[in-house]
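First the structure, in the form of C-alpha cells, and then the observations on it.
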Amino acid sequence: MVLSQFQVVGRKRPTETDSTPKIYRMRIFSKTHVQAKSRFWYFLHQFANLKASTGEILAVHEIKEKNPRIVKNFGILIRYNSRSGTHNMYKEFRDTRLCGAVEQMYQDMAGRHRARFSTIHVVEAKEVPSGVKASKEYNPEKDGDVPPPAVQRNNIKQFLDSRIAFPLAHRIPRPSQKKYRTTFKANRPSTFFS
Amino acid sequence: GELACTNRRPVKMPFTRFVEIGRVALINYGPEEGKLCTIIDVVDQNRALVDGPYGITGVHRQVINLRRLSLTDFKVKIGLNARAKSLKKAWAAAGVQEKWAATAWAAKRASRSAKASLTDLGRFKAMLAKKTRAKKVKTAFNKLKKSA
Chain A
16 MVLSQFQVVG RKRPTETDST PKIYRMRIFS KTHVQAKSRF WYFLHQFANL KASTGEILAV
76 HEIKEKNPRI VKNFGILIRY NSRSGTHNMY KEFRDTRLCG AVEQMYQDMA GRHRARFSTI
136 HVVEAKEVPS GVKASKEYNP EKDGDVPPPA VQRNNIKQFL DSRIAFPLAH RIPRPSQKKY
196 RTTFKANRPS TFFS
Chain B
21 GELACTNRRP VKMPFTRFVE IGRVALINYG PEEGKLCTII DVVDQNRALV DGPYGITGVH
81 RQVINLRRLS LTDFKVKIGL NARAKSLKKA WAAAGVQEKW AATAWAAKRA SRSAKASLTD
141 LGRFKAMLAK KTRAKKVKTA FNKLKKSA
C-alpha cells in the first residue's frame, strides 16, 4: 500500500454563539486526500464534539518528504486493537521517507500481529536521530535528566555503522527476466557467490 | 560490534565481497539490469541506497533490493551519503571503469550481448570466421598426426 502524508485542518462550522471555533490540525497517513479527510473526521469525532456534518475542512495539503535521498531512522508510536484488547506500541524503521516507514509499520503489524489498517492509530511518527551526538535537540542544561531522543531498537542500531559490511550469503540464482525462466535446468545451482 | 568487513576483520570468512559503503555492484534484475552502481548507504538487511553515479553508469540515486544486486570485487573510497560529484571523483581515482571492463565477467557479458545483437550479415561473417579457423586447426592437426 503506497501511503502519503496529509495535513488536514478543520473546525466546527461557525455559529452565532461561537463565531471563531477552535481549529484542529492533524497529520494523516492515507492513500489519497479523500481518505485523509475521512480519517480526519474519524479521529475528530473521537477527540472533539465534532463530525463531518457539523464541521468543515479548511485545508488539505500533502506533506512531501523533505529529503528522500538519504536514509533516516523513524520511530512510530501506535495504538492498535488486538483481538482481546487495545495496546500501545513503539516501533522503529529505517527508510528514506516517513511514509515509507509508516508503510513498513502497517506491513509489520499485519505480519506479526494480524492487525489491519483500520485497527491501527498512528499516534506519532517522526524521524529519530541515531544517537546523543546526532541529536541536535539535546541541551544538557535545559533538558537535564531527560534523555534525548535516540534509536532504541537493536535491530535498527545494528545498521547505524558508517563502516557497516555484511556478505550476501546463500544467494538464490534468479533469471534476469521472467521470460528466461525454465522448468528444468541442466546443472544444480550454486548459492555461493563469494 | 564484531563485524567481519574489509576494514576490520577479526574472523577470516569465505566471503570476499561485502555489502558496504563504496561497494560496486552490478544490477541483475529490473529496468536497470546490466548497469553498474555503487552502494552509498545501507537501508536495512534487504535494501541499499545506490547511485551510479548517474553521469557514468546511468543509474539514478535510488533504494534497491539487495536481491537485485550482484556484488563485484571493486570498492571505491567514499563517505556516507556521498554526493554525485565526490562519487564520480572516487570512481575516477579507483579506475573502476577500466578495471571492470578488464574482468572476465564483463567480457563475457559484452560478448554475449554482441552476439545477440548480430545482424544476418554479422552471423554470416561469424560463420565464415569459424570455418576458416576450423580449417586452419584441422590442417595443422592432421600434419602433426601424419608426422607422428
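First to last, the protein sequences are chains A and B.
Letter by letter, the first sequence follows residues 16 to 209 of my numbering.
Letter by letter, the second sequence follows residues 21 to 168 of my numbering.
Idealized CB from N, CA, C, for every residue including glycine.
_First through last residue of the alpha helix (DSSP H) which encompasses Q192 (chain A)_ = On the first sequence, residue 192 (chain A) is found 177 positions in, with the first residue counted as 1. Unbroken run through Q192 (chain A): none, as it is neither H nor E.
*Give a yes or no on whether 8 Å exceeds the smallest Cβ distance from R129 (chain B) to chain A.*
For the purposes of this step, residue 129 (chain B) is taken as the residue at position 109 of the second sequence. No, because no Cβ of chain A sits closer than 8 Å to the Cβ of R129 (chain B).
_Chain-ordered residues of the segment 31 to 59 of chain B with a beta carbon less than 9 Å from chain A_ = M33, P34, F35, T36, R37, F38, V39, E40, I41, R43, N48, Y49, G50, E53 and G54
*Go to L73 (chain A), then tell me how far its alpha helix (DSSP H) extends in each direction, as first and last residue.*
Locating residue 73 (chain A) in the first sequence gives position 58, counting from the first residue. Unbroken run through L73 (chain A) is the beta strand (DSSP E), G70 to I78; no alpha helix (DSSP H).
*asked:* Quick check: the Cα distance between K106 (chain A) and I91 (chain A), rounded to an integer number of angstroms?
replied: One-based indexing of the first sequence puts residue 106 (chain A) at position 91. One-based indexing of the first sequence puts residue 91 (chain A) at position 76. Computed Cα separation, rounded: 5 Å.
*Do V86 (chain A) and T69 (chain A) have their C-beta atoms within less than 8 Å of each other?*
To locate residue 86 (chain A), count along the first sequence from 1; it is residue 71. To locate residue 69 (chain A), count along the first sequence from 1; it is residue 54. No.
*Taking contact to mean at least 3 C-beta pairs separated by less than 8 Å, is the segment 126 to 136 of chain B in contact with the segment 97 to 110 of chain B?*
no
*Among A:S209, A:Y195, A:K200 and A:M104, the one whose alpha carbon lies nearest that of Q167 (chain A)*: The sequence position of residue 167 (chain A) within the first sequence is 152, counting from 1. Closest in C-alpha terms to Q167 (chain A), from the list A:S209, A:Y195, A:K200 and A:M104, comes A:M104.
_On the CB-based measure, 16 or more other CB atoms within 10 Å of its CB, does D33 (chain A) come out buried or exposed?_
As a first step, residue 33 (chain A) must be located in the first sequence, where it is residue number 18. Exposed, because fewer than 16 other Cβ atoms sit within 10 Å of the Cβ of D33 (chain A).
*Using the beta-carbon of each residue, which ones in chain B are nearer than 8 Å to S177 (chain A)?*
Translated into the one-based positions of the first sequence, residue 177 (chain A) becomes position 162. Near S177 (chain A) (Cβ distances below 8 Å), the residues of chain B are I41, G99 and L100.
_Any beta carbon of chain B sitting closer than 8 Å to that of S133 (chain A)?_
Taking the first residue of the first sequence as 1, we reach residue 133 (chain A) at position 118. Chain B contact via Cβ: absent.
*asked:* According to DSSP, is I47 (chain B) part of a helix, a strand, or is it coil?
replied: Locating residue 47 (chain B) in the second sequence gives position 27, where the first residue counts as 1. DSSP places I47 (chain B) in strand when its eight states are reduced to three.
*Tell me, please, which residues DSSP counts as bridged to F89 (chain A).*
Taking the first sequence and counting its residues from 1, the one referred to as residue 89 (chain A) is at position 74. The partner list for F89 (chain A) (beta bridge, DSSP) reads A:F108 and A:E142.
*Per-residue DSSP class, three states only, for D71 (chain B)*: To locate residue 71 (chain B), count along the second sequence from 1; it is residue 51. D71 (chain B) falls in the strand class under three-state DSSP.
*Please name the residue, chosen from B:R43, B:G54, B:M147 and B:W120, that lies closest to K97 (chain B) on a Cα-to-Cα basis.*
Here the question's residue 97 (chain B) lines up with position 77 in the second sequence. Out of B:R43, B:G54, B:M147 and B:W120, B:R43 has the C-alpha closest to the C-alpha of K97 (chain B).
*Is the Cβ-Cβ distance between T58 (chain B) and V70 (chain B) less than 8 Å?*
Here residue 58 (chain B) refers to the residue found at position 38 of the second sequence. Here residue 70 (chain B) refers to the residue found at position 50 of the second sequence. It is a contact, given that the beta carbons lie within the stated cut-off.
*Can you have a look at M124 (chain A) and say buried or exposed, based on whether 16 or more other CB atoms are within 10 angstroms of its CB?*
Locating residue 124 (chain A) in the first sequence gives position 109, counting from the first residue. Its Cβ being crowded by 16 or more others within 10 Å, M124 (chain A) is buried.
*For chain B, find out if any of its Cβ atoms is closer than 8 Å to the Cβ of R196 (chain A); answer yes or no.*
One-based indexing of the first sequence puts residue 196 (chain A) at position 181. Taking Cβ atoms only, chain B never reaches closer than 8 Å to R196 (chain A), which makes this a no.
*Check whether the Cβ of V70 (chain B) lies closer than 8 Å to any Cβ atom in chain A.*
By 1-based counting over the second sequence, the position of residue 70 (chain B) is 50. No, V70 (chain B) does not count as interfacial toward chain A.
_Selection from B:F35, B:L89, B:A112 and B:I47 that minimises the alpha carbon distance to G75 (chain B)_ = Locating residue 75 (chain B) in the second sequence gives position 55, where the first residue counts as 1. For the residues B:F35, B:L89, B:A112 and B:I47, the minimum Cα distance to G75 (chain B) belongs to B:A112.
_the segment 129 to 141 of chain A / the segment 113 to 121 of chain A touching (three or more Cβ pairs under 8 Å)_ = yes
*According to a CB-to-CB cut-off of less than 9 Å, which residues of the segment 165 to 189 of chain A neighbour chain B?*
N170, I171, Q173, F174, D176, S177, R178, I179, A180, F181, P182, L183, A184, R186, I187 and R189
_Once the 5 residues before and after H48 (chain A) are set aside, which same chain residues still bring their CB inside 6 Å of it?_
Counting from one through the first sequence, the residue named residue 48 (chain A) turns up at place 33. These residues qualify, in order along the chain: F21 and V75.
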